[in-house]
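Okay, structure first, notes after.
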């Protein structure tokens with residue numbers, strides 16, 4: 203089922219980021235997309251962990267803002 207696949211994809215990406223310190227922006231953007239669609243609480247934790255210094259985050263901030271606006275995730279937009 204799709205939910206089980208998505209859950210496994212998220213778990214795998216989280217594992218890669220945590221254990222291998224992956225910095226690839228495309229990977230981070232994909233995980234962010236999955237969080238926006240399927241797990242907003244994980245999204246907020248992810249944004250907190252990434253911090254607020256734009257040059258240090260591993261995702262495209264403009265892409266993240268657009269996604270959050272489209273889904274009306276106002277709290278995430280402020281992060």
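In the working numbering, the protein residues as written are 203 to 281.
Glycine included, every Cβ here is placed at the ideal spot set by N, Cα and C.
Roughly how many angstroms lie between the CA atoms of residue 238 and residue 270, to the nearest whole one?
-> 7 Å
Tell me, to the nearest whole angstrom, how far the beta carbon of residue 245 is from that of residue 278; I am working on the premise that it is less than 8 Å.
-> 6 Å
Within its chain, find whatever has a CB closer than 7 Å to the CB of residue 267; leave out the 5 residues flanking it on each side and keep chain order.
-> 279
Of the residues 229, 272, 243, 273, the one placed nearest residue 259, counting alpha carbons only = Nearest C-alpha to residue 259: 229.
Same chain, Cβ closer than 8 Å to residue 218, neighbours up to 5 away in sequence not counted | 224, 229
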